[in-house]
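Heads up: the sequence shown runs through residues 1 to 325, numbered per UniProt numbering. Contents: one structure, followed by commentary.
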Amino acid sequence: MRTVIKKTSQALRSLAFWQKMLILRVLTGIFILADVLTGASHQISWLIISNFRLPRLLILVIAGVAISVSGGLVQDTTENPLADSSLIGVTAGSSFGIVLFIAFGASLSNVLYVYPIFAVAGALLAYAILYQLALKRNSGQVNLILTGLAISAVFQALITIVQLHLDQFGIQKLAVWLSGDVWLTDYPYIALLAVLLAFALIILPRFFRRIDLLQTGQEMASSLGLDVIKTQKQLLILSLLFAAIGVAAVGSLGFLGLLAPHIARNMTTFSAKKRYIITIFVGVLIMLISDMLARTLIAPSTLPIGFVLSIVGAPYFIYLITKKI
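Pasting the structure below:
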């Protein structure tokens, strides 16, 4: 009983903290919104909201949901609370796909739907390699993670090779994207990502019961009739889709897939449904707060969101390791 009360108290304190941060984020735009509602400086204020604030906000929400859910799925699949999609090579694969497109697909740069296609293709390539080297052989969770790390290293090396063959403009363009930030805010592109995310979110609840069974341990889950290996493969494929959407939205972004699911795991019960709802909520809040800090820490200049997340995420990661989860 004391444990339940303690976890509930911790959850309430954490939620209060994130809610305060969200209010602070909203306050950064309240004066512009007030101008729009009262008619003062109507055209300028409306242009700022419709062309800059709103599309950026939508991209951040999409990325927050996609990356945090992807991280949660990887953690549940690998039974490792320190895992995320970068640990199994999926993020690096998606990044490599889009890097190839940015570097060599200039003639298609205005075809917005191509970006997610290349992100998914890169993630599928990473998964195919992972399947052949680890999943197909059922070589265990440790080998799965080690294989994923090796795949990530290979893709990062390939990205570096591509950068070496670009001109200065191309290198700068890739540097902005690889740093992890909002890089496309066209409404058709946002709509495309939103449709893909909605599709993935519709599929997710079908796995909640199987995820709950996995939490009991592989032997217990198998005794209850769950095909553990098949379920793990399906969850990894679903995490691949979420990760690709996140990469297509904000580029290569670290630590969010680790932070959000881990915070949610400490705030909720055993139920996968409740845990993923809180994971989504926390993931979006972290994205909004990171964006706010990125735009205000060295104003009027801005920092990449990935830089801010790394500053926060790296110490938290070290804390988790020292506390042994």
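Ideal placement from N, C-alpha and C gives every residue a C-beta, glycine not left out.
Taking the alpha helix (DSSP H) that residue i falls in, what are its first and last residues?
i	result
Glu219	Gln218 to Ser223
Thr296	Ala272 to Thr296
Gly97	Val90 to Phe104
Gln75	Leu54 to Thr78
Leu192	Tyr187 to Ile203
Ser179	Run containing Ser179: none; DSSP gives neither H nor E here.
Ser310	Ile305 to Lys323
If I measure Cβ to Cβ from residue i and keep anything under 6 Å in the same chain, skipping five residues before and after, which residues do I get?
i	result
Ala121	Gly97
Ser50	none
Gln172	none
Ser222	Val228
Using DSSP with H/G/I as helix, E/B as strand and the rest coil, what is residue i?
i	result
Gln115	The amino acid at residue 115 is misidentified as Gln; the sequence shows Tyr. Reduced to three states, the DSSP call for Tyr115 is helix.
Ser165	According to the sequence shown, residue 165 is His rather than Ser. Here His165 sits in coil by DSSP.
residue 326	The structure shown does not extend to residue 326, since the chain is modelled only from 1 through 325, so no value can be given for it.
Ala123	helix
Lys233	helix
Lys136	coil
Ala266	Note that residue 266 is Asn in the sequence shown here, rather than Ala. It is coil, neither helix nor strand.
Gln215	coil
Pro261	helix
Leu82	coil
Thr302	coil
Ser252	coil
Leu130	helix
Leu184	coil
Leu226	coil
Ile30	Note that Ile30 scores a pLDDT of 48, beneath 50, so its modelled location is shaky; the value from the coordinates is reported in the next line. The answer is helix: DSSP assigns Ile30 an H, G or I state.
Taking all protein chains shown into account, do 16 or more other C-beta atoms lie within 10 angstroms of the C-beta of residue i, making it buried, or fewer, making it exposed?
i	result
Tyr113	exposed
Met292	buried
Arg275	buried
Ser95	buried
Thr296	exposed
Leu164	exposed
Val99	buried
Val142	exposed
Ile286	buried
Phe199	exposed
Leu259	buried
Thr147	buried
Keeping to the same chain, check which residues put their C-beta closer than 7 Å to that of residue i; ignore five residues upstream and five downstream.
i	result
Gln156	Ala92
Ser85	Ser70, Gly71, Val74, Thr91, Ser239, Ala243 and Gly257
Leu196	Pro116 and Ile245
Pro261	Ser68, Gly71, Gly72, Gln75 and Thr279
Ile211	Asp76 and Ala272
Val65	Leu197, Ile280, Gly283 and Val284
Ser152	Ser86, Gly89 and Ala92
Ile159	Ser95, Phe96 and Val99
Val247	Thr91, Ser94, Ser95, Ile98 and Ala119
Using C-beta distances below 8 Å, list every residue in its chain close to residue i, excluding the 5 sequence neighbours before and after it, in chain order.
i	result
Leu144	Thr78, Ile88, Leu130, Ala134 and Leu135
Ala294	Asp181, Thr302, Leu303, Pro304, Ile305, Phe307 and Val308
Leu12	Here the model assigns Leu12 a pLDDT of 48, short of 50, so the residue's position is not dependable and the matter cannot be decided.
Tell me whether residue i counts as near the ligand NAP, meaning its Cβ is closer than 7 Å to at least one heavy atom of that ligand.
i	result
Asp291	As presented, the structure is devoid of all ligands, the ligand NAP included, so that no description of it is given.
Three-pair Cβ contact test at 8 Å for the region 253-261 versus the region 80-91 = Segment contact: the region 253-261 against the region 80-91, three or more CB-CB distances shorter than 8 Å; contact assigned.
Given 8 Å, three or more beta-carbon pairs between the region 220-238 and the region 277-295 | The region 220-238 is not in contact with the region 277-295.
Cβ contact (3+ pairs, closer than 8 Å) linking the region 173-192 and the region 301-316 | As far as the Cβ criterion goes, the region 173-192 touches the region 301-316, which means the pair count is three or higher.
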